[in-house]
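0 is the number of the first residue of the sequence shown in numbering that gives the first Met the number 0; add one for each residue after it.
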Amino acid sequence: MRRLYFLVPDIPTAHSIVDELLLARLAEKHVHVIAREGTPLGNLPEAGLAQKTDLIPAIERGLGFGGATGTLAGLVAIAIPGSGVISAGALVVALAVTGTALGAWISSMIGISVESPRLKPYERAIEGGQLLMMVDVPAPRVSEIETLIARHHPTARPEGIEPDIPAFP
């Protein structure tokens, strides 16, 4: 999946684009709209926390650092004399899994409170009244969807493509 970014001038244009994407067999769950705070979006698919915050990258970092820390703690624990009662392999695995879970949980709490750095370039346009549309598209359909939007909505400005989106946005 690739994430396409478009700046759209107004809500009616965004509604029209969403309708065309649905007709092109793109599920509504793959369309995310961000507008200035207080803008009534009606039935447009509003972006969730995963799109607005640094949640997913934070969880990914937490999984890695927590797993590594847990594994290291397990290796240190089996090196301490007198811990021979517990299976060394089970201890390392248990601490690695616990570290992974704790790392992901703690990082998610931090990530949910931080704005996504990917949205920084669009802040001024959003505050100016434009809408940011993020459309998650299978890689082979990227040019088809870009052409569809450009052909029918010349006022929608393409703002780029994110090479990969997380598997669970």
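We treat Cβ as the ideally placed atom computed from N, Cα and C, and that holds for glycine.
7 Å Cβ shell around residue i - same chain, five flanking residues per side excluded
i	result
L21	E27
H151	E19
I79	none
Q129	L6, V7 and P8
Boundaries of the alpha helix (DSSP H) in which residue i is found, first to last residue
i	result
L130	Counting along the chain, L130 falls outside any alpha helix (DSSP H), though it belongs to the beta strand (DSSP E) covering L130 to V136.
L22	I10 to L22
E27	E27 -> no alpha helix (DSSP H), and no H or E assigned at all.
L147	V141 to H151
A124	E122 to E126
Which residues DSSP lists as bridging residue i, in chain order
i	result
F64	F64 pairs with nothing; no bridge assigned.
E114	T52
I160	L3
E45	V32
CB of residue i within 8 Å of CB of residue j, strictly
i	j	result
G65	T99	yes
V136	L25	yes
Same chain, Cβ closer than 8 Å to residue i, five either side skipped, listed in chain order
i	result
P120	E158
P168	With a pLDDT of 49 at P168, under the threshold of 50, the predicted position of this residue should be treated as unreliable, and no value is reported.
Boundaries of the beta strand (DSSP E) in which residue i is found, first to last residue
i	result
L6	R1 to V7
Nearest-angstrom beta carbon gap, residue j and residue i [assumed within contact, 8 Å]
i	j	result
S106	R60	6 Å
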